[in-house]
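J.: Chains as they are written, first to last, in my numbering: chain A, -9 to 370; chain B, -9 to 370.
Number of protein chains: 2
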Amino acid sequence: MNNFTFQNPTKILFGKGMIKRLTQEIPTDKKIMITFGGGSVRTNGVYEQVTTALRDHRFVEFWGIEPNPKVETLRKAVSLARERGVDFLLAVGGGSVLDGTKLIASAIPYSGDAWELVTSGRRPQEVLPFASVMTLPATGSEMNNGAVISNGETHEKFPFYTNYPLFSILDPETTFSLPPFQIACGLADTFVHVMEQYLTTTGQSPLMDRWAEGILSTLVEIAPAIRKEPHNYQLMADFMLSATLALNGFIAMGVTQDWSTHMIGHELTALHGITHGQTLAIVLPGTMRVLLPQKLSKLAQYGERVWGAQGSDKEKAALAIDRTEAFFRSLGLATRLSEVNVDEETIAEIERRFETRGVAFGEANNVTGAVARKILESVR
Amino acid sequence: MNNFTFQNPTKILFGKGMIKRLTQEIPTDKKIMITFGGGSVRTNGVYEQVTTALRDHRFVEFWGIEPNPKVETLRKAVSLARERGVDFLLAVGGGSVLDGTKLIASAIPYSGDAWELVTSGRRPQEVLPFASVMTLPATGSEMNNGAVISNGETHEKFPFYTNYPLFSILDPETTFSLPPFQIACGLADTFVHVMEQYLTTTGQSPLMDRWAEGILSTLVEIAPAIRKEPHNYQLMADFMLSATLALNGFIAMGVTQDWSTHMIGHELTALHGITHGQTLAIVLPGTMRVLLPQKLSKLAQYGERVWGAQGSDKEKAALAIDRTEAFFRSLGLATRLSEVNVDEETIAEIERRFETRGVAFGEANNVTGAVARKILESVR
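1. At a Cβ cut of 8 Å, what residues of the segment 206 to 231 of chain A count as close to chain B, listed as they run along the chain?
2. Would you list, in sequence order, the uninterrupted beta strand (DSSP E) runs of no fewer than 3 residues that lie entirely inside the segment 129 to 174 of chain B?
3. Quick check on S250(B): does DSSP put it in helix, strand or coil?
4. Out of curiosity, what's the CA-to-CA distance linking D248(B) and V40(B)?
5. What whole-angstrom Cβ distance do V87(A) and T25(A) have, given they're in contact under 8 Å?
6. In the DSSP assignment, the alpha helix (DSSP H) including M23(A) goes from what residue to what residue?
7. Is A360(A) buried or exposed, if buried means 16 or more other CB atoms sit within 10 Å of its CB?
8. Can you tell me whether S122(A) is buried or exposed, with buried defined as 16 or more other CB within 10 angstroms of its CB?
9. What are the start and end residues of the beta strand (DSSP E) that includes Q(-3)(A)?
10. Measure the alpha-carbon distance for L237(B) versus A137(B) and round it to whole angstroms.
11. So, does the CB of F(-6)(B) fall closer than 7 Å to a CB anywhere in chain A?
12. Within the continuous alpha helix (DSSP H) that includes V108(A), where are the two ends?
13. When the cut-off is 7 Å and only beta carbons count, does G298(B) lie next to chain A?
14. Would you mind working out which of R11(A), N(-7)(A), F(-6)(A) sits nearest K1(A), comparing C-alpha positions?
15. In whole angstroms, what is the alpha-carbon distance linking V68(A) and M243(A)?
16. For S140(B), which residues in chain A fall below 7 Å Cβ to Cβ?
17. By how many angstroms is the C-alpha of R113(A) removed from the C-alpha of V82(A)?
18. Compare the beta carbon distance of T180(B) and A233(B) with 7 Å and say whether it is the shorter of the two.
19. Just to confirm before moving on: does the CB-CB distance between L120(B) and A95(B) stay below 7 Å?
20. Is the Cβ of F181(A) closer than 7 Å to any Cβ of chain D?
21. Among Y292(A), A354(A), E353(A), R342(A), which has the Cα closest to the Cα of R363(A)?
22. Taking S320(B) as part of the alpha helix (DSSP H), name the residues at either end of that continuous run.
23. Assuming L79(B) contacts T63(B) (C-beta within less than 8 Å), just tell me the rounded distance between them.
24. For K288(B), go through chain A and note every residue whose CB falls closer than 8 Å to its CB, in chain order.
25. If D103(B) sits next to P59(B), beta carbons under 8 Å apart, how far is it from one beta carbon to the other, in whole angstroms?
26. Rounded to the nearest angstrom, what separates S195(B) and D228(A) at their Cα positions?
27. Skipping 5 residues on each side, what residues in its chain have a beta carbon closer than 8 Å to that of S167(A)?
28. T277(B) and I365(B): beta carbons closer than 7 Å?
29. Suppose contacts are defined by Cβ-Cβ distances below 7 Å. Is L274(A) in contact with T251(A) by that definition?
30. Taking the alpha helix (DSSP H) that L206(B) falls in, what are its first and last residues?
31. Would you say F49(A) lies against chain B (beta-carbon separation less than 7 Å)?
32. Using the DSSP secondary-structure output, state which residues sit across from R48(A) in a beta bridge.
33. Whole angstroms are fine: how far does the CA of M185(A) sit from the CA of G75(A)?
34. Buried or exposed: where does N355(A) fall if 16 or more other Cβ atoms within 10 Å of its Cβ makes it buried?
35. Can you grab the Cα-Cα spacing for the pair A290(B) / V280(B), in whole Å?
36. Looking only at its own chain, which residues have a Cβ that is under 6 Å from the Cβ of L160(B), when we skip the five neighbours before and after it?
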């Protein structure tokens, strides 16, 4: 096991009817900005629950944080918040709304431009307190300090790290209005979050391995049932909890991590606007195939424990990769670039970007532009 | 899944050489009281590491917090701390030292007597900041807000809840000097902490089930290896991480809990001074046997997933109970009351105490004095 430090201060309020706890969780002397996405919370009752809980609080609303939140949109929120003297942010919606809000909360007290905060790679020194009502199980943003921010002008998409949410409210009933494609992408996103922290080398921590496999097995178990019954409270609660625990540090203690699938996926989103979870479902099987020699023993363990594979390590690994791709297909997602109209030109551009930036990803720091090309070519 | 709230703010610093981080983790303007047990930290190098890291801090030392810390001892620490103007506590040692320190930190700013804080059942309003260097994997106290405090005069032992440690430092190397019996008791304690949160009903949360089973399987896997190689860093790191994650709330989200084995075990310690982990190894198989009808389907799941049991639920449950008792015996622990010289008189006293207090434990609130008697009779 590697040395590590761990701290996650976010408070989770989980379950039916929990949105009304907003009344107590935010002090009444705060001037709140509530941030929203495109308006689905108006039709599913979440907007009403939130504003009712905060009827004795002062708040302004900011609407229109898009999927893959753009710094151009977030700058507008920063201006409005400064103008109105906002000192508390509440994100209501999915991971994109919260990711965007993390940058807003960090940029309000910052003297420079918001995009500078993203590209600097440093954690901001001062951040306004923020919290969330999370309505889409996927990103895990509700209990971590990460965000992913896009730049519409440069077509770039980068991770950004700041403070943790003070609290996040998760009511599985708020997921009942999600379209099937978003649920599928959320399942894939959660699955790949686990894989990025798990599919490296064996023997670093038997407990972290089992916890990662525990989330994967849970997703494999509940996904087909969710496809049939997307309004089943227990199933959506299991999914929601899995999404939160997949990326809050609980399965990352003392183990190395990968994240190359995400870094390649981000480029597909930046260049083509493809939904994040969909990009991961395409890239991960490619990462597994191309890095098979390096990840062989972990792939075999994964195959055996999650998919019941038997035989030699090579046989178990091969079955594991096939089953993983089949799992994504069973969710209704594409697993090939051709299905989402991505061709050689994009592969070349991603290779070029990685080479120009001089980056290399993965637990062995060997996923360069050339390796990213191989991965993408393998899932053409 | 049941509704729940979760928050655990403790920072964990885990690994070789982490004790030197004390220098930065405690502000230099603090007046620290370092609390210790019986002196083993003087011979295993921990005392020197701690005092070296704090050489530019002001601190006083308090020695002699005993296993199953007594309020009589802790009152002395409270007096000394008040006298010296202490405003930060650092527990260095095992779970008992930290449990005692939790009460000291709570009692210093309290106007009444420390035992009153324990028996009131309320969380104290003001608590001094405290942290730990944890050297014994067992209680999980390093990342939770609980403690168990004994009263030497009345021979009582009760749980007590207060704040979380600000931080806990866990260096697996500090466990190398532990005697085999303490390691065995720590393994049993960790195992039973998981069981108290797991062995109730099925179907509340598939993910929490898998995480609980993940800790149990890890312990089953590493325990025989630890018996052979108690100075193996990786093994002791796995054990230490398992002990922390077994009782920090991570496996308790949205599920009901039992804790009757602990409540009966506490009485065996209060009346006979038997080491906590040893009491649990005796009581748990009894709890499983007596409550088998109520816990049948969870026992069967546990038998299948942790012990590879096959057959009917009854067969799987029966094998699970036998294997659990055999596991404790393989650690070198007693699993029968007669082995620790506990007889009918004590059983009668425990029954009487539960009846007098009007308490009933377990997920169904049905472990009364009479049921506790049955459990104890089954492990005579």
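All residues carry an ideal CB built from backbone N, CA and C; glycine is no exception.
T.: According to the structure shown:
1. S207, T208, E211, I212, Q224, A227, D228, L231
2. 136 to 141, 146 to 151, 157 to 160
3. The sequence position of residue 250(B) within the second sequence is 260, counting from 1. It is helical.
4. On the second sequence, residue 248(B) is found 258 positions in, with the first residue counted as 1. On the second sequence, residue 40(B) is found 50 positions in, with the first residue counted as 1. Distance between the alpha carbons of D248(B) and V40(B) is about 38 Å.
5. As a first step, residue 87(A) is located in the first sequence; it is residue number 97 there, counting from the start. As a first step, residue 25(A) is located in the first sequence; it is residue number 35 there, counting from the start. Between T25(A) and V87(A) the Cβ distance is about 6 Å, and since that is below 8 Å, they are a contact.
6. As a first step, residue 23(A) is located in the first sequence; it is residue number 33 there, counting from the start. Run containing M23(A): none in the alpha helix (DSSP H); it sits in the beta strand (DSSP E), 21 to 26.
7. The residue given as residue 360(A) occupies position 370 in the first sequence. With fewer than 16 other Cβ atoms inside 10 Å of its own Cβ, A360(A) counts as exposed.
8. Taking the first sequence and counting its residues from 1, one reaches residue 122(A) at position 132. Residue environment analysis places S122(A) among the buried positions, since at least 16 neighbouring C-beta atoms fall within 10 angstroms of its C-beta.
9. Sequence index remark: in the first sequence, residue -3(A) carries index 7 (1-based). -6 to 4 is the extent of the beta strand (DSSP E) around Q(-3)(A).
10. Within the second sequence, residue 237(B) is the residue found at index 247, counting from 1. Within the second sequence, residue 137(B) is the residue found at index 147, counting from 1. Looking at the two C-alpha atoms, the distance is approximately 12 Å.
11. In the second sequence, the residue the question calls residue -6(B) occupies position 4. Chain A, which has a Cβ nearer than 7 Å to the Cβ of F(-6)(B), makes this yes.
12. On the first sequence, residue 108(A) is found 118 positions in, with the first residue counted as 1. Taken as a continuous stretch (DSSP letters only), the alpha helix (DSSP H) holding V108(A) covers 104 to 110.
13. Here residue 298(B) corresponds to residue number 308 of the second sequence, with the count starting at 1. No - not a single Cβ of chain A is within 7 Å of the one on G298(B).
14. Within the first sequence, the letter at position 11 stands for residue 1(A). With distances taken between Cα atoms, K1(A) lies closest to R11(A).
15. Within the first sequence, residue 68(A) is the residue found at index 78, counting from 1. Within the first sequence, residue 243(A) is the residue found at index 253, counting from 1. Distance between the alpha carbons of V68(A) and M243(A): 35 Å.
16. Along the second sequence, one-based indexing puts residue 140(B) at 150. None at all; the shortest Cβ gap to chain A is about 31 Å.
17. In the first sequence, residue 82(A) corresponds to position 92, counting from 1. In the first sequence, residue 113(A) corresponds to position 123, counting from 1. For the pair V82(A) and R113(A), the Cα-to-Cα distance works out to about 24 Å.
18. As a first step, residue 180(B) is located in the second sequence; it is residue number 190 there, counting from the start. As a first step, residue 233(B) is located in the second sequence; it is residue number 243 there, counting from the start. Cβ atoms of T180(B) and A233(B): closer than 7 Å.
19. Your numbering for residue 120(B) matches position 130 in the second sequence. Your numbering for residue 95(B) matches position 105 in the second sequence. The identity of residue 120(B) in the sequence shown is Phe, whereas the question assumes Leu. Result yes, Cβ atoms of F120(B) and A95(B) sit closer than 7 Å.
20. Absent here is chain D; the protein component of the structure consists of chains A and B.
21. Working through the first sequence from its first residue, we reach residue 363(A) at position 373. Ranking Y292(A), A354(A), E353(A), R342(A) by Cα distance to R363(A) puts R342(A) first.
22. For the purposes of this step, residue 320(B) is taken as the residue at position 330 of the second sequence. Segment 303 to 320, the alpha helix (DSSP H) holding S320(B).
23. Numbered from 1 along the second sequence, position 89 holds the residue referred to as residue 79(B). Numbered from 1 along the second sequence, position 73 holds the residue referred to as residue 63(B). At roughly 14 Å, the Cβ-Cβ gap does not stay under 8 Å, so L79(B) and T63(B) are not in contact.
24. The residue you call residue 288(B) lines up with position 298 of the second sequence. By Cβ distance, chain A contributes nothing, its closest Cβ being about 16 Å from K288(B), past 8 Å.
25. Residue 103(B) sits at position 113 when you count from the first residue of the second sequence. Residue 59(B) sits at position 69 when you count from the first residue of the second sequence. With a Cβ gap of about 16 Å, D103(B) and P59(B) do not count as contacting.
26. Taking the first residue of the second sequence as 1, we reach residue 195(B) at position 205. Taking the first residue of the first sequence as 1, we reach residue 228(A) at position 238. When rounded, the distance between both Cα atoms is 7 Å.
27. Here residue 167(A) refers to the residue found at position 177 when the first sequence is read from its first residue. Closer than 8 Å at Cβ, skipping near neighbours: S30, T33, N34.
28. Here residue 277(B) refers to the residue found at position 287 of the second sequence. Here residue 365(B) refers to the residue found at position 375 of the second sequence. Closer than 7 Å, so yes.
29. If you number the first sequence from 1, residue 274(A) lands on position 284. If you number the first sequence from 1, residue 251(A) lands on position 261. Yes. Within cutoff.
30. Translated into the one-based positions of the second sequence, residue 206(B) becomes position 216. Looking at the DSSP string, the run of the alpha helix (DSSP H) that includes L206(B) is 196 to 218.
31. Reading the first sequence from its first residue, position 59 is the one you call residue 49(A). Answer no: the Cβ-Cβ gap between F49(A) and chain B never drops below 7 Å.
32. To locate residue 48(A), count along the first sequence from 1; it is residue 58. Answer is K21(A).
33. Locating residue 75(A) in the first sequence gives position 85, counting from the first residue. Locating residue 185(A) in the first sequence gives position 195, counting from the first residue. When rounded, the distance between both Cα atoms is 42 Å.
34. Counting from 1 along the first sequence, the entry for residue 355(A) is found at position 365. Exposed, by the Cβ-count rule.
35. Within the second sequence, the letter at position 300 stands for residue 290(B). Within the second sequence, the letter at position 290 stands for residue 280(B). Their Cα atoms are separated by approximately 15 Å.
36. For the purposes of this step, residue 160(B) is taken as residue 170 along the second sequence, with counting starting at 1. Taken in chain order, the residues that qualify are F4, M124, M230.
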